[in-house]
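A.B. asks: In our numbering, the protein residues as written are 251 to 558.
Just passing along the structure, written as structure tokens.
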Ligand code: RIB
């Protein structure tokens, strides 16, 4: 089984559960407020470990109470987080509103996530990358660090999977040379610089990413499933019907399921089906890390599905 290396953000999530989001100038009362470990990088690393994948993770927390809590939490999972560093900046924090429908809105303060430098990638992360079958990143660390990861993966001949969230400020050309890029619909629109609606526009946007020198593209479409494009191959994988209570970390769970399968040499279509199950289970549970499925959950996936 292939080892996976994840380099990315680690945040404390401050979550408010509300019936609906407030309008401008309006105040509403939250049903509950919770503090959960999160961050796209850390979520994906823990998700991989829960799925039984040997996983190494690199990120950066502050020298503060949230940093202590997040490091303690990481110890509960079989993730090699021994290289995670600490910075004088505050630990990254995500302020999240989860509506009754399960949809979320989020504001992320990057803090210590932005302390990761290209030098850290060259020195701390290089041995982790060398030792891995596949590398997974997201876009919540600095642009310079991400460019260095893309460069290093190319130099070392490693498959790099980029979860293109959050895509604000990025364009397709920034990822030239990456093995795979996976945006959601909104992120794809950002990367190609125009609003995409409907399958044909999304497909043409995904093809635009391939023209920028990316080998494989998977667009995550939530309830509409996911779409794979590479060369002349196009694959549509439907989503599984589940009762959504909280969509936070569903994309991270999907990416972890996908990377598990790809690191084991599985074909793309069954890998996307497995990933869809991982994303689906995550939306049936609240929180980020707390929503991530184990390999056993996926093996008994039927119990999460709405039976038609
Ligand atoms: O993908 C969900 C994650 O995005 C949250 O845990 C939050 O911390 C942000 O990084």
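For each residue, glycine too, the CB sits at the ideal point set by N, CA and C.
#1: Compute the Euclidean distance between the alpha carbons of residue 501 and residue 455, then round it to the nearest angstrom.
#2: If you run the structure through DSSP and keep just helix, strand and coil, what is residue 307?
#3: Just to check, is the beta-carbon of residue 533 closer than 8 Å to a non-hydrogen atom of the ligand RIB?
#4: Counting Cβ pairs closer than 8 Å, one from the region 415 to 433 and one from the region 360 to 379, do we hit at least three?
#5: Would you say the beta carbon of residue 344 is closer than 8 Å to some non-hydrogen atom of the ligand RIB?
#6: For the region 313 to 390, list the beta strand (DSSP E) runs that are entirely contained and at least 3 residues long, ordered along the chain.
#7: Measure from the alpha carbon of residue 323 to the alpha carbon of each residue in 366, 293 and 526, then state which is nearest.
#8: Per DSSP, residue 267 is paired with what?
#9: Nearest to residue 264 by CA position, among 256, 278 and 289, is which residue?
#10: I want to check one thing, is the minimum distance from the CB of residue 364 to the heavy atoms of the ligand RIB below 8 Å?
#11: Would you please state the rounded distance, in angstroms, between the beta carbons of residue 513 and residue 303? I believe it to be under 8 Å.
#12: Note down the Cα distance separating residue 327 from residue 275, rounded to an integer number of angstroms.
#13: Which same chain residues, not among the five before or five after residue 287, have their C-beta less than 6 Å away from its C-beta?
#14: From residue 551 to residue 530, what does the alpha carbon distance come to, in whole angstroms?
#15: With DSSP as the reference, label residue 548 as helix, strand or coil.
#16: Just the C-alpha distance for residue 479 and residue 353, rounded to the nearest angstrom, thanks.
#17: Cβ of residue 290 within 8 Å of any heavy atom in the ligand FAD?
#18: In this structure, does DSSP put residue 413 in helix, strand or coil?
#19: Using CA coordinates, which residue listed in 487, 365, 404 and 440 is at the minimum distance from residue 468?
#20: Name the DSSP beta bridge partners of residue 488, please?
#21: Below 8 Å on the Cβ atoms is my contact criterion, and I expect residue 425 with residue 462 to pass it. Report the Cβ-Cβ distance as a whole number of Å.
#22: Considering just the uninterrupted stretch of the alpha helix (DSSP H) at residue 556, what are its terminal residues?
C.D. replies: For this structure:
#1: Along the chain shown, read from residue 1 onward, the residue named residue 501 stands at position 251. Along the chain shown, read from residue 1 onward, the residue named residue 455 stands at position 205. Computed Cα separation, rounded: 19 Å.
#2: Taking the first residue of the chain shown as 1, we reach residue 307 at position 57. Residue 307: strand per DSSP, three-state reduction.
#3: Position 283 of the chain shown, counting from 1, holds the residue named residue 533. Checking the Cβ of residue 533 against the ligand RIB gives no.
#4: no
#5: The count along the chain shown starts at 1 and reaches residue 344 at position 94. Checking the Cβ of residue 344 against the ligand RIB gives yes.
#6: 335 to 337, 342 to 348, 354 to 359 and 384 to 387
#7: Within the chain shown, the letter at position 73 stands for residue 323. Taking only the C-alpha atoms, the option nearest residue 323 is 293.
#8: The residue you call residue 267 lines up with position 17 of the chain shown. Partner(s): 282 and 348.
#9: Indexing the chain shown from 1 puts residue 264 at position 14. Considering only alpha carbons, the answer is 289.
#10: Reading the chain shown from its first residue, position 114 is the one you call residue 364. False, no ligand heavy atom lies under 8 Å from that Cβ.
#11: Looking up residue 513 in the chain shown gives position 263. Looking up residue 303 in the chain shown gives position 53. Yes, residue 513 and residue 303 are in contact; Cβ-Cβ is about 7 Å, under 8 Å.
#12: Within the chain shown, the letter at position 77 stands for residue 327. Within the chain shown, the letter at position 25 stands for residue 275. Using only the alpha carbons, I get a separation of about 42 Å.
#13: Here residue 287 is taken as the residue at index 37 of the chain shown, counted from 1. Excluding positions up to five away in sequence, the list reads 320, 323 and 539.
#14: Within the chain shown, numbered from 1, the residue matching residue 551 stands at position 301. Within the chain shown, numbered from 1, the residue matching residue 530 stands at position 280. Approximately 9 Å between the Cα atoms of the pair.
#15: Counting from 1 along the chain shown, the entry for residue 548 is found at position 298. Note: residue 548 maps to helix in three-state DSSP.
#16: Residue numbering aside, residue 479 sits at position 229 when the chain shown is read from its first letter. Residue numbering aside, residue 353 sits at position 103 when the chain shown is read from its first letter. Distance between the alpha carbons of residue 479 and residue 353: 27 Å.
#17: Absence of the ligand FAD from the depicted structure is noted, with the ligand RIB being the only ligands included.
#18: One-based indexing of the chain shown puts residue 413 at position 163. Residue state, collapsed to three classes: strand.
#19: The sequence position of residue 468 within the chain shown is 218, counting from 1. Closest option to residue 468, Cα to Cα, is 487.
#20: Against the chain shown, residue 488 aligns to sequence position 238. Beta-bridge pairing links residue 488 to no other residue.
#21: Counting from 1 along the chain shown, the entry for residue 425 is found at position 175. Counting from 1 along the chain shown, the entry for residue 462 is found at position 212. Contact flag correct, Cβ pair sits at about 7 Å.
#22: Locating residue 556 in the chain shown gives position 306, counting from the first residue. Note, residue 556: premise wrong, no alpha helix (DSSP H); not H, not E.
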